[in-house]
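*Asks:* Chains as they are written, first to last, in the working numbering: chain A, 1 to 248; chain B, 1 to 257.
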Amino acid sequence: MLIDTFLFNFGQYVLLLKTAVAKPERFSMYYKETVRQMDAIGVGSVFIVILISMFIGMVTAVQFADQLGDSFVPTYYIGYIVRDITIIEMAPTITCLVLAGKVGSNLAAEIGGMRQKEHIDAMEIMGVNTAAYLIMPKLVAAVFVIPLLVAISAFVSIIGGYVATVWPGTLSHTEYVLGLRSYFVPRYVFMMFVKASVFAFLLTSVSCYLGYYVKGGSIELGEASTNAVVVSNVLILLFDFIIALLLT
Amino acid sequence: MIRTINIEKSFGDNQVLKGITTEFYDGRPNLIIGASGAGKTVLLKLLIGLFTPTSGQVMYDDINIFDLNKKELRQIRMTIGMLFQGNALFDSMTVGENIQFPMDMFTRRTLKEKRMRVDQCLEMVNMEGINNRYPSEVSGGMQKRVGIARAMVLEPKYLFCDEPNSGLDPQTSILIDELICDLTIRNNITTVINTHDMNSVMGIGDNILLMKNGHVAWRGDKSQVLESDNETLEDFIFASPFLRRLREDALKLRHGE
Numbered sequence: 001m002l003i004d005t006f007l008f009n010f011g012q013y014v015l016l017l018k019t020a021v022a023k024p025e026r027f028s029m030y031y032k033e034t035v036r037q038m039d040a041i042g043v044g045s046v047f048i049v050i051l052i053s054m055f056i057g058m059v060t061a062v063q064f065a066d067q068l069g070d071s072f073v074p075t076y077y078i079g080y081i082v083r084d085i086t087i088i089e090m091a092p093t094i095t096c097l098v099l100a101g102k103v104g105s106n107l108a109a110e111i112g113g114m115r116q117k118e119h120i121d122a123m124e125i126m127g128v129n130t131a132a133y134l135i136m137p138k139l140v141a142a143v144f145v146i147p148l149l150v151a152i153s154a155f156v157s158i159i160g161g162y163v164a165t166v167w168p169g170t171l172s173h174t175e176y177v178l179g180l181r182s183y184f185v186p187r188y189v190f191m192m193f194v195k196a197s198v199f200a201f202l203l204t205s206v207s208c209y210l211g212y213y214v215k216g217g218s219i220e221l222g223e224a225s226t227n228a229v230v231v232s233n234v235l236i237l238l239f240d241f242i243i244a245l246l247l248t
Numbered sequence: 001m002i003r004t005i006n007i008e009k010s011f012g013d014n015q016v017l018k019g020i021t022t023e024f025y026d027g028r029p030n031l032i033i034g035a036s037g038a039g040k041t042v043l044l045k046l047l048i049g050l051f052t053p054t055s056g057q058v059m060y061d062d063i064n065i066f067d068l069n070k071k072e073l074r075q076i077r078m079t080i081g082m083l084f085q086g087n088a089l090f091d092s093m094t095v096g097e098n099i100q101f102p103m104d105m106f107t108r109r110t111l112k113e114k115r116m117r118v119d120q121c122l123e124m125v126n127m128e129g130i131n132n133r134y135p136s137e138v139s140g141g142m143q144k145r146v147g148i149a150r151a152m153v154l155e156p157k158y159l160f161c162d163e164p165n166s167g168l169d170p171q172t173s174i175l176i177d178e179l180i181c182d183l184t185i186r187n188n189i190t191t192v193i194n195t196h197d198m199n200s201v202m203g204i205g206d207n208i209l210l211m212k213n214g215h216v217a218w219r220g221d222k223s224q225v226l227e228s229d230n231e232t233l234e235d236f237i238f239a240s241p242f243l244r245r246l247r248e249d250a251l252k253l254r255h256g257e
C-alpha cells in the first residue's frame, strides 16, 4: 500500500514536471512571474537567512572553541572549522531546511488555494498550461535565488563565528583570519552550490506538486502545506547524503 | 454547436452520468437543470474537458475533444469562455488586470489596444470605471459581471456558466440572465448554463435539459414547462405548494377557464 502510494505520487510528480517544462505561451508573462517569485523567495527570505546563519556561525565557533580549549590543536583551527562546516554543510542544508518551512509551505498553500478557488480551472479553460505557468517560474526563481541566499548564509555564518570568538577574546583577529585562509579547498564551494541548487529544486517542485493536486477543503490545504515541509525536509537530508557520497 | 454522444462517467463504483446524448445550440441559452447530485456539474466539466468521460464523445462542431492532444485541446479552449460559480477572479489582480489576463497570455495586442478592449468589455456588462478595483472591493453581482467580461474578452465561440445566479438577489439574477442571453444572441455563441434558478428556467430557457440520477429526464423549452406532465419536471420546478397553485392558475388562464 505504501509502495503503491509512493509509486503513484512519484509518477504523477514526474509527469507534472514534464508538463511544467513546456514552451511558454507568452515569454513576457513567464518572465514577469519569475521576477515576482525571485522577489518573494529571495528578498522575502534574506532577513530570516541572515538571522539563522549568524547564530549557526556563533554556535559552531563557540562549541569548537570549547572542545579544542584544552587540546594541542592550534586555536586558529576554529576559523578553519567554522569555514568548512559552514560551506560544506550548515549553509546549504540548514538554509534550505528553513526555506522548506518558509517558502515550501507558502508555495503549497498558494497553489493549493488557487486550485480550491477554481483559479487553476479558470486558467486551464482559457488554454493556459497551468503546470508550466504556475510551476516553472517558481522553479527557475528558486534555483537561481536560493544558491545566492546560501552564499549569503555562508558569509554571515563566518562573520557570526568571528563575532562569537574574537569579540570575547577567545582567539585573536589574526588567528581567526589565519584559520579562514588555511587549507581552503575550492571544490567545497562548488559542492555548496550543487547542494543549494538541488535542494532548491526539490523543495520548490515538491511543494508545488503537493499544492497543485490538493483536494478537499481547508483541512486538506493545511495538510498539503505541512506535507510540503515534511517531505521537502526529508528529501533535502536524503540528497545531502547522496551528494556527500558522490562529491567527496 | 456542441453535441454529446452517449457520455458516461464513473468515479470508482459510482456512475454519475449514464449515457447522455444531447445537443447545445448556437445563438441561444442552453440550460442544464436538475437537483443536487443529478450530475449537472460533472456534465459541464466534461463539456469543457476538465473531466474525461468513461465512455462517449463530446463534439465541438465535428471535433471530438477527447481525441485531441493537450496542445490541440488548448487551441479549442481558447475559443471557450467560462463563468465559474465562485467567479474564480484572481484576487491579487485588479478587475482590469483580470480581464486583460487572457489577452496578455494569448495575443500580441499593444497595451493600448488591450486597455481599450478591457474598457469595451466592462462597458458591455455595464461596469465602466472599476478597472483599478480589486475583486474583493466589489459586490457579488459586480464580480459576476466582471467574470462575464473576462469570459467574453477573447470573443469566444462557446460560453459556459456554472450557477451564474448563486448567491445573488432575484433582481440581480434577472439582470445577469438578461446579460448572458443578450451576449449569446448578439454574438451567436453556444452558451451552456448550469442552474438551479427557476427564474432563469422560465426567463431564458430556450433549450432546457433536466437531469435526474445521471439521465436526461426531460428536454424542452420554457414554453413547454407549464404544460408538461413529466413528473420529474413537476417535482423539480413546481416543488412548493405555492408554485403548484401558481401553475394551475396559469394553466387555467391559458385555457381560458
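The C-beta atom is built at its ideal place from N, Cα and C for all residues, glycine as well.
Write down the C-beta distance between Phe106 (chain B) and Met78 (chain B) rounded to the nearest angstrom, noting that I regard them as a contact closer than 8 Å.
*Replies:* So it is a contact: roughly 6 Å between Cβ atoms.
*Asks:* Is any beta-carbon of chain B found at less than 7 Å from that of Ile263 (chain A)?
*Replies:* The requested residue 263 (chain A) does not occur in the structure, where chain A is confined to residues 1 to 248.
*Asks:* Could you tell me which whole beta strand (DSSP E) segments of length 3 or greater appear in the stretch 178–248 of chain A?
*Replies:* Listed in chain order, there is nothing to give.
*Asks:* Along chain A, in chain order, which residues have C-beta atoms closer than 8 Å to that of Met152 (chain B)?
*Replies:* Within chain A, no residue comes near Met152 (chain B); the closest Cβ sits about 12 Å away, beyond 8 Å.
*Asks:* Assign Leu44 (chain B) to one of two classes, buried (16 or more other C-beta atoms within 10 Å of its C-beta) or exposed (fewer than that).
*Replies:* With 16 or more other Cβ atoms within 10 Å, it is buried.
*Asks:* With 7 Å set as the bound, which would you pick, yes or no: does the beta-carbon of Ala88 (chain B) sit closer than that to a beta-carbon of chain A?
*Replies:* Output row for Ala88 (chain B): interface = yes.
*Asks:* Taking only three categories from DSSP, how would you classify Tyr76 (chain A)?
*Replies:* DSSP places Tyr76 (chain A) in coil when its eight states are reduced to three.
*Asks:* Could one say the Cβ of Gly112 (chain A) lies closer than 7 Å to chain B's Cβ atoms, at least one of them?
*Replies:* It does not; no Cβ of chain B falls within 7 Å.
*Asks:* Hey, how far is the Cα of Gln224 (chain B) from the Cα of Ile193 (chain B)?
*Replies:* Rounded to whole angstroms, Gln224 (chain B) to Ile193 (chain B) spans 19 Å at the Cα level.
*Asks:* Tell me, to the nearest whole angstrom, how far the beta carbon of Val150 (chain A) is from that of Met114 (chain A); I am working on the premise that it is less than 8 Å.
*Replies:* Wrong, their Cβ atoms sit about 29 Å apart, outside the cutoff.
*Asks:* Could you check what DSSP says for Pro29 (chain B) in three-state terms: helix, strand or coil?
*Replies:* If DSSP states are grouped into helix, strand and coil, Pro29 (chain B) belongs with the strands.
*Asks:* Which full runs of the beta strand (DSSP E) of 3+ residues lie inside the stretch 72–160 of chain B, going along the chain?
*Replies:* You should have 80–83.
*Asks:* Would Met105 (chain B) pass as an interface residue toward chain A - the criterion being a Cβ-Cβ separation below 7 Å?
*Replies:* So yes, Met105 (chain B) belongs to the interface.
*Asks:* Could you check if His255 (chain B) is buried or exposed, using at least 16 other CB atoms within 10 Å of its CB as the buried criterion?
*Replies:* Its Cβ having fewer than 16 others within 10 Å, His255 (chain B) is exposed.
*Asks:* Taking 7 Å as the CB-CB cut-off, is Ala122 (chain A) touching chain B?
*Replies:* So yes, Ala122 (chain A) belongs to the interface.
*Asks:* Along chain B, which residues have their Cβ under 9 Å away from the Cβ of Arg26 (chain A)?
*Replies:* Per Cβ cutoff of 9 Å: Asp104, Met105, Phe106, Thr107, Arg108.
*Asks:* Using beta carbons (cut-off 7 Å, strictly below), is Met126 (chain A) in contact with chain B?
*Replies:* Closer than 7 Å: yes.
*Asks:* Compute the distance between the beta-carbons of Gly101 (chain A) and Val229 (chain A), then report whether it is under 7 Å.
*Replies:* The answer is yes: Cβ separation under 7 Å.
*Asks:* Output needed in chain order: residues of the stretch 47–68 of chain B with a Cβ under 7 Å from some Cβ in chain A.
*Replies:* Taking 7 Å as the Cβ-Cβ cut-off against chain A, the residues of the stretch 47–68 of chain B that qualify are Ile48, Leu50.
*Asks:* Compare the Cα-Cα distances from Gly160 (chain A) to each of A:Phe8, A:Lys18, A:Thr60 and report the closest residue.
*Replies:* Nearest option by C-alpha distance: A:Thr60.
*Asks:* Since Ala109 (chain A) and Gly211 (chain A) should fall inside the 8 Å C-beta cutoff, what is the C-beta to C-beta distance between them, to a whole number of angstroms?
*Replies:* The Cβ separation is near 7 Å, so the contact holds.
*Asks:* Can a CB atom of chain A be found closer than 7 Å to the CB of Arg74 (chain B)?
*Replies:* Judged by the 7 Å Cβ criterion, Arg74 (chain B) is in contact with chain A.
*Asks:* Suppose you measure from the CA of Met90 (chain A) to the CA of Thr5 (chain A); what does that come to, to the nearest Å?
*Replies:* Rounded to whole angstroms, Met90 (chain A) to Thr5 (chain A) spans 33 Å at the Cα level.
*Asks:* For Ile32 (chain B) and chain A, any beta-carbon pair shorter than 7 Å?
*Replies:* Output row for Ile32 (chain B): interface = no.
*Asks:* Phe239 (chain A) and Cys96 (chain A): beta carbons closer than 7 Å?
*Replies:* Going by C-beta atoms, Phe239 (chain A) is not nearer than 7 Å to Cys96 (chain A).
*Asks:* List the DSSP bridge partners of Gln15 (chain B).
*Replies:* Answer is B:Ser10, bridged to Gln15 (chain B).
*Asks:* On a CA-only basis, which of A:Gln12, A:Ser197, A:Ile243, A:Gly57 is nearest Leu148 (chain A)? Give me that one, please.
*Replies:* Cα-wise, what sits closest to Leu148 (chain A) is A:Ser197.
*Asks:* Identify which residue in B:Ser240, B:Asn165, B:Thr184, B:Glu155 has its Cα closest to the Cα of Gln143 (chain B).
*Replies:* Closest by alpha carbon: B:Asn165.
*Asks:* Residues in the same chain with beta-carbon distance under 6 Å from Ala22 (chain A), minus the five sequence neighbours each way, listed in chain order, please.
*Replies:* Here the set comprises Asn129, Ala132.
*Asks:* Counting only beta-carbon separations shorter than 7 Å, does Met29 (chain A) have a partner in chain B?
*Replies:* Closer than 7 Å to some Cβ of chain B, the Cβ of Met29 (chain A) qualifies, so yes.
*Asks:* The stretch 129–163 of chain B: which residues have C-beta closer than 7 Å to a C-beta of chain E, in chain order?
*Replies:* Of the protein chains in the structure, A and B, none is chain E.
*Asks:* Could you check the C-alpha separation between Gln171 (chain B) and Gly141 (chain B) for me, to the nearest Å?
*Replies:* Approximately 10 Å between the Cα atoms of the pair.
*Asks:* Answer yes or no: do Ile99 (chain B) and Val153 (chain B) have a C-beta to C-beta separation smaller than 7 Å?
*Replies:* In this structure, Val153 (chain B) lies closer than 7 Å to Ile99 (chain B) by Cβ.
*Asks:* With 7 Å set as the bound, which would you pick, yes or no: does the beta-carbon of Phe84 (chain B) sit closer than that to a beta-carbon of chain A?
*Replies:* True, the Cβ-Cβ gap to chain A drops below 7 Å.
*Asks:* Could you check what DSSP says for Ser28 (chain A) in three-state terms: helix, strand or coil?
*Replies:* Ser28 (chain A) falls in the helix class under three-state DSSP.
*Asks:* In chain B, what lies closer than 7 Å to His119 (chain A) by C-beta?
*Replies:* In chain order: Ala88, Phe90.
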